[in-house]
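A.B. asks: Here the sequence shown is numbered in my numbering, starting from 4 and rising by one per residue. Virtual Cβ for every residue (Gly too), placed ideally from N, Cα, C. Okay, here's the structure, questions in a sec.
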Amino acid sequence: MTSTVNRRQPATATTSDPVILASNVSKTFAHEGVQQHVLTNLDLAIRTGEYAVVMGPSGAGKSTLLHVLSGMDAPTLGRVRVSDTEIADLSPRALTEFRRHHCGFVFQQIQLLDALSVLDNVLAVGLLADRNRRRVVTRARELLARVGIDEATQRKFPGMLSGGEAQRVAVVRALVNEPDVVFADEPTGQLNSEFSRAVLDLLSQVNAGGQTVLMVTHDVRSALRGDRVLYLRDGAIRGECVLGRRAPSGNHTAYDLVADDERRLTRLTGFLDEMGW
Ligand SMILES: Nc1ncnc2c1ncn2[C@@H]1O[C@H](COP(=O)(O)OP(=O)(O)OP(=O)(O)O)[C@@H](O)[C@H]1O
Ligand SMILES: [Mg+2]
Numbered sequence: 004m005t006s007t008v009n010r011r012q013p014a015t016a017t018t019s020d021p022v023i024l025a026s027n028v029s030k031t032f033a034h035e036g037v038q039q040h041v042l043t044n045l046d047l048a049i050r051t052g053e054y055a056v057v058m059g060p061s062g063a064g065k066s067t068l069l070h071v072l073s074g075m076d077a078p079t080l081g082r083v084r085v086s087d088t089e090i091a092d093l094s095p096r097a098l099t100e101f102r103r104h105h106c107g108f109v110f111q112q113i114q115l116l117d118a119l120s121v122l123d124n125v126l127a128v129g130l131l132a133d134r135n136r137r138r139v140v141t142r143a144r145e146l147l148a149r150v151g152i153d154e155a156t157q158r159k160f161p162g163m164l165s166g167g168e169a170q171r172v173a174v175v176r177a178l179v180n181e182p183d184v185v186f187a188d189e190p191t192g193q194l195n196s197e198f199s200r201a202v203l204d205l206l207s208q209v210n211a212g213g214q215t216v217l218m219v220t221h222d223v224r225s226a227l228r229g230d231r232v233l234y235l236r237d238g239a240i241r242g243e244c245v246l247g248r249r250a251p252s253g254n255h256t257a258y259d260l261v262a263d264d265e266r267r268l269t270r271l272t273g274f275l276d277e278m279g280w
């Protein structure tokens with residue numbers, strides 16, 4: 004069977020470079036009359052085809068940042084551009100349509116639809132972006148198999164799944180429409196090492212095929228997959244650690260800035276120490 008996962012050309016610099024540009028973004032929540040400034044004057048650029056990772060303390064606003072960058076929530080102030088589109092300029096309907104085609108989102112709280120089977124949860128998203136049912140079903144099944152969701156599990160309903168199974172389904176659902184940008188909010192938070200690896204391998208593969216990945220994680224080993232790790236604290240990006248492209252497993256080559264996982268780990272842990280993580 005030919006792979007349907009990896010159909011894009013590798014990323015090249017285009018007019019949509021960077022694919023995400025956030026300028027002077029602030030996000031304030033008001034609850035019981037108290038204002039909480041979660042993001043303050045945040046600037047951020049993510050290059051097309053980049054694999055970027057966001058780390059930072061719990062409550063720092065990482066999920067909020069992903070919601071704002073993906074158009075799921077509006078910033079209080081500032082501008083967000085994704086794939087050459089100022090998302091604040093879109094009507095709610097146009098924004099929904101835009102997100103269907105350009106953004107995939109893995110939620111920290113998994114959010115599958117309880118009334119639909121596992122396969123139908125994935126198809127519900129895939130068919131919004133691609134009307135060719137046969138093609139979407141093939142892609143959905145292939146992606147589900149890649150993360151260890153077998154055919155019997157594909158017929159189950161979300162209430163019957165383990166936490167880890169539900170999380171793997173949620174990852175596939177975010178990838179099925181082949182979005183320009185995959186926003187992944189702690190996508191391996193509930194997974195053992197085998198399935199963490201399967202999910203991370205899948206994200207690395209779609210990234211190698213040209214899709215941009217922006218992942219939040221608390222896990223240093225997962226973060227090593229990224230080209231660059233950004234540290235969010237006190238409402239803004241306080242530093243970044245450039246790791247460069249990671250070589251495919253076991254195939255370390257000279258083009259990588261820091262090809263060797265142990266050297267990447269040393270660099271990243273040094274950076275996280277500096278950031279006070
Ligand atoms: N809808 C909301 N209304 C009010 N406060 C909110 C809302 N969403 C988030 N917050 C607050 O914003 C802050 C940042 O939350 P956020 O979920 O972005 O943090 P996080 O960095 O993702 O944390 P974690 O690592 O624990 O997932 C928290 O103090 C949270 O209570
Ligand atoms: Mg979060």
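#1: For residue 121 and residue 150, what's the separation of their Cα atoms in angstroms?
#2: Could you check how far apart the C-beta atoms of residue 22 and residue 51 are, in whole angstroms? I think they sit under 8 angstroms.
#3: Check whether the Cβ atoms of residue 124 and residue 131 lie closer than 8 angstroms to each other.
#4: From the DSSP output, in three-state form, read off residue 188 for me.
#5: For residue 186 versus residue 128, is the C-beta distance shorter than 8 angstroms?
#6: Rank 82, 161 and 278 by C-alpha distance to the C-alpha of residue 117 and give the top, closest one.
#7: Taking any heavy atom of ligand 1 as the mark, which residues have a C-beta closer than 5 angstroms to it, listed down the chain?
#8: Relative to the C-alpha of residue 139, which candidate in 29, 239, 176 and 63 has its C-alpha closest?
#9: Answer yes or no: the CB of residue 170 versus the heavy atoms of ligand 2, is any distance below 7 angstroms?
#10: Excluding the 5 residues preceding and the 5 following residue 188 in the sequence, name in chain order all residues of the same chain whose CB lies nearer than 7 angstroms to its CB.
#11: Leaving out five residues on either side along the sequence, give the residues of the same chain with a beta carbon under 7 angstroms from the beta carbon of residue 198.
#12: If distances are taken between C-alpha atoms only, which option among 209, 181, 224 and 24 comes closest to residue 106?
#13: Nearest to residue 38 by CA position, among 30, 44 and 45, is which residue?
#14: Give a single yes or no on whether residue 114 has its beta carbon closer than 7 angstroms to a heavy atom of ligand 2.
#15: Locate the beta strand (DSSP E) running through residue 32, then write down its first and last residues.
#16: Could you tell me whether any non-hydrogen atom of ligand 2 is closer than 7 angstroms to the CB of residue 219?
#17: Check the C-beta distance from residue 40 over to residue 238 and give it rounded, since I have them as a contact under 8 angstroms.
C.D. replies: So, to answer that:
#1: 13 angstroms
#2: 4 angstroms
#3: no
#4: strand
#5: no
#6: 161
#7: 32, 34, 41, 61, 62, 63, 64, 65, 66 and 67
#8: 176
#9: no
#10: 66, 69, 109, 110, 111 and 219
#11: 150, 151, 167 and 171
#12: 181
#13: 30
#14: no
#15: 23-34
#16: yes
#17: 6 angstroms
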